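Using the numbering used here, the first residue of the sequence shown is number 14, and each one after it goes up by one. Cβ atoms here follow ideal geometry from the backbone N, Cα and C, with glycine treated the same way. The structure displayed is predicted, hence computed values, not measured ones. The structure appears below as structure tokens.
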Amino acid sequence: MLLVDKMGRHVFWPSLFWILVGLREPKAITKDIGRLLKRGIDVVRGEVSCTDAATTCAKVDGKKIGADYLVVSLGADLAPGNVPGLDEAGHNLYSPEGSISKMALRRPTIFLAYVLPMFCPRLSVRPARRRRRLEAVDRESMETRFPGVFAIGDNTSIPLEMGLLLPKTGVVAYRQAQAVARTIAARINGEDRDGTFDGHRVCFVRAGGGRAGFGGGDFYGRPLPQVKFHEPSRKWHTVKV
14 MLLVDKMGRH VFWPSLFWIL VGLREPKAIT KDIGRLLKRG IDVVRGEVSC
64 TDAATTCAKV DGKKIGADYL VVSLGADLAP GNVPGLDEAG HNLYSPEGSI
114 SKMALRRPTI FLAYVLPMFC PRLSVRPARR RRRLEAVDRE SMETRFPGVF
164 AIGDNTSIPL EMGLLLPKTG VVAYRQAQAV ARTIAARING EDRDGTFDGH
214 RVCFVRAGGG RAGFGGGDFY GRPLPQVKFH EPSRKWHTVK V
């Protein structure tokens with residue numbers, strides 16, 4: 014097994030805001046992916062410039078790497094440069110360095126989050142997929158139209174029954190990865206038993222005061238996703254942390 018990663022470290026993104034308020038240190042939420050070597054996983058630090066699904070190959074820093082199976086999990090990246098002036102005037106909280114620099118501000122800071130009312134035409138899934146270069150997959154096996162090539166996480170496009178896309182969260186990517194791992198293991202062993210991602214996901218929402226809400230359900234439900242949310246409580250906050 015070979016893992017290609019351009020950062021060389023894993024960051025537990027949900028804890029970035031805890032760094033911001035001083036409840037976590039950066040070293041507590043980051044791990045060197047080189048530790049995977051102890052589990053028999055080879056690690057290559059580099060940037061993937063392109064993939065060839067037909068031959069299950071990827072080009073990493075100009076070097077072609079082949080495999081029997083290819084799992085694409087490129088994720089999504091921030092592009093503040095697309096908005097003129099945002100890099101200079103804005104503060105990026107979605108990285109350990111950004112959260113630390115925000116803590117270093119000397120004057121008191123108040124964060125306000127708001128949502129503007131907005132009306133817009135219904136968005137078609139197919140044009141959005143083409144513009145964003147998202148990968149269409151079988152929503153249960155996560156396999157693309159190319160045999161042996163899978164995609165998980167932010168770079169996938171999975172439409173739900175009512176026309177919206179499956180929300181992109183770490184929990185979803187994790188469960189998709191489990192399904193893909195079971196499928197690949199079964200095929201290597203000659204077993205006709207593919208893994209399945211069933212569309213179930215959960216989510217915690219911190220509400221302050223040591224409380225958190227909990228929601229989850231079947232996003233593949235028909236005719237609509239079946240999702241239930243539990244009121245914020247200290248119990249759910251304890252489960253979250």
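Starting from the C-beta of residue i, find all residues in its chain whose C-beta is less than 6 Å away, skip the five residues before and the five after it, and write them out in chain order.
i	result
residue 25	42
residue 83	69 and 162
residue 233	212
residue 230	239, 240 and 241
residue 105	111
residue 186	165 and 166
residue 80	69
residue 72	62 and 63
residue 199	206
Taking C-alpha atoms, which residue in the options lies nearest to residue i?
i	options	result
residue 208	50, 151 and 67	151
residue 93	111, 87, 80 and 77	111
residue 78	190, 28 and 14	14
residue 182	215, 174, 206 and 210	215
residue 29	159, 211 and 39	39
residue 184	17, 81, 27 and 18	27
residue 23	224, 58, 36 and 33	58
residue 176	155, 237 and 220	237
residue 74	33, 61, 18 and 194	61
residue 172	149, 159 and 187	149
residue 13	199, 154 and 31	Limits of the chain in this structure are 14 at one end and 254 at the other, which puts residue 13 out of reach.
residue 35	64, 190 and 109	109
residue 76	178, 53, 17 and 235	17
residue 46	67, 37, 19 and 32	19
residue 194	85, 31, 170 and 217	85
residue 66	196, 96, 251 and 159	159
residue 218	179, 252 and 156	252
residue 91	64, 97 and 107	107
Just reading off the alpha helix (DSSP H) that residue i is part of, what are its end residues?
i	result
residue 183	183–201
residue 101	99–102
Can you list, in chain order, the residues of its chain whose CB lies under 8 Å from that of residue i, leaving out five sequence neighbours each side?
i	result
residue 243	226, 227, 228 and 249
residue 100	93 and 94
residue 50	56
residue 235	174
In three-state terms, what does DSSP make of residue i?
i	result
residue 27	helix
residue 172	strand
residue 148	strand
residue 154	coil
residue 41	helix
residue 178	strand
residue 94	helix
residue 244	strand
residue 1	Lying outside 14 to 254, the shown extent of the chain, residue 1 is not represented and no answer is given.
residue 252	helix
residue 48	helix
residue 208	coil
residue 229	strand
residue 234	coil
residue 35	coil
residue 136	Residue confidence is low: residue 136 scores 42 on pLDDT, short of 50, so the model does not pin down where it sits. Its coordinate-derived value is still stated next. Note: residue 136 maps to coil in three-state DSSP.
What residues in its chain sit with their C-beta under 7 Å from that of residue i, if we drop five residues either side in the sequence?
i	result
residue 88	166, 167 and 168
residue 245	220, 224, 225 and 226
residue 44	22 and 23
residue 201	none
Grab the span of the beta strand (DSSP E) containing residue i for me, first residue to last.
i	result
residue 17	15–18
residue 217	213–221
Entirely within the stretch 51–85 and at least 3 residues each: give me those beta strand (DSSP E) ranges in chain order. 55–58, 61–65, 70–73, 76–79 and 83–85
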